[in-house]
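Take 1 as the starting number for the sequence shown in this note's numbering and just add one per residue.
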Amino acid sequence: MKELGIVKGILTKVFQERDFMWEEVKSYSEMNMLLNYEINMLKKKVDTLDEDILMKKGQITILKERIGKPFALLASPDFLLE
């Protein structure tokens, strides 16, 4: 009978520890979900910045190409194709 009481006490502690660990798992799972969401948002921001960089590089290239050419506001469209 005494052994049964000891086992019951140990079992109670094991159940408490199990419940505590289950709450930790749920907490970590939620934190993981939030971090994954943040990672995805940051990846989207990086992609947007990469697109902006490519556009700016293209604009710089166009401006560099135009530096040596004369600028005429009233020129025909054919002049711009040169």
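Note that CB positions come from ideal geometry on N, CA and C, so glycine has one too.
Point to revise | Alpha-carbon spacing of VAL14 relative to LYS44, whole angstroms | key: 45 Å
Practice item. State the Cα-Cα distance for the pair PHE20 and SER29, rounded to the nearest angstrom. Key: 14 Å
Check your understanding: Start and end of the alpha helix (DSSP H) containing MET1?
Key -> Taken as a continuous stretch (DSSP letters only), MET1 belongs to no alpha helix (DSSP H), as it is neither H nor E.
Exercise for review: Note down, one range per segment and in chain order, each alpha helix (DSSP H) of at least 4 residues found wholly within the region 33-57.
Suggested key: none
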